[in-house]
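In full-length UniProt numbering, the protein residues as written are 1 to 178.
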């Protein structure tokens with residue numbers, strides 16, 4: 001089992017507190033729609049090549065119940081899903097030994113840059129993220145394949161990690177590349 005603390009991401013990233021708070025709030029709104037605070041329960045699966053490794057790993061996401069102003073501020077579900085997925089991915093990156101630096105430019109092939117904890121800041125990795133709000137016909141596995149392809153592309157050729165987070169069942173998928 002892994003614990004993903006989505007309440008305060010500042011220990012996991014050097015991005016601004018405002019951006020990280022937006023991500024945390026969005027995650028709390030999306031989890032609130034489907035789970036009971038302070039914890040959401042789900043699973044994490046790692047894909048290598050064409051197959052997922054082992055059985056899913058249990059995930060517990062810690063989050064605060066959103067106040068009314070937070071719910072109103074994140075009323076656009078598409079945006080809340082995107083930013084909430086960023087929170088999940090940043091917490092997962094921390095679990096995997098990375099510190100997330102910040103957002104990247106359009107065309108880089110990725111959403112965020114990260115480094116291994118304790119390693120030089122110029123030895124960065126890509127973090128490409130996608131969120132899905134509800135269980136529907138869109139398969140997270142297909143989205144992960146898209147995100148991995150996107151992450152491998154762009155004008156920065158670097159290793160990285162793609163993460164897809166679906167909130168209704170708190171299903172998290174990831175795949176890395178060299």
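Note that CB positions come from ideal geometry on N, CA and C, so glycine has one too.
- In this structure, the CA atom of residue 125 is about 32 Å from the CA atom of residue 37.
- If only uninterrupted beta strand (DSSP E) runs of at least 3 residues are considered, those enclosed by the segment 93-128 are 98-103, 112-116.
- Out of 26, 44, 4, the CA that lies nearest to the CA of residue 54 is found in 44.
- Ranked by Cα distance from residue 58, the options 170, 113, 175 are led by 170.
- Here residue 177 carries a strand assignment [DSSP, helix/strand/coil].
- In this chain, the beta strand (DSSP E) harbouring residue 40 covers 39-48.
- Residue 62 sits in a strand when the DSSP states are folded into three classes.
- Within the same chain, and ignoring the five residues on either side of residue 154 in sequence, the residues whose Cβ sits closer than 7 Å to its Cβ are 107, 108, 109, 110.
- DSSP lists no bridge partner for residue 30.
- When the beta-carbon positions are compared, residue 74 and residue 80 come within less than 8 Å of each other.
- Using a Cβ distance threshold of 8 Å, residue 1 and residue 62 do not count as a contacting pair.
- With a contact defined as Cβ atoms closer than 8 Å, residue 174 and residue 99 miss out at about 17 Å.
- Within the segment 126-156, the complete alpha helix (DSSP H) runs of at least 4 residues fall at 140-152.
- According to the DSSP assignment, residue 71 belongs to the alpha helix (DSSP H) that extends over 68-73.
- Per DSSP, the unbroken beta strand (DSSP E) holding residue 5 starts and ends at 2-5.
- In the structure shown, residue 11 adopts coil according to DSSP, grouped into three states.
- In the three-state reduction of the DSSP assignment, residue 17 falls in the helix class, which pools H, G and I.
- In this structure the segment 154-169 lies against the segment 127-142, because at least three pairs of beta carbons, one per stretch, are closer than 8 Å.
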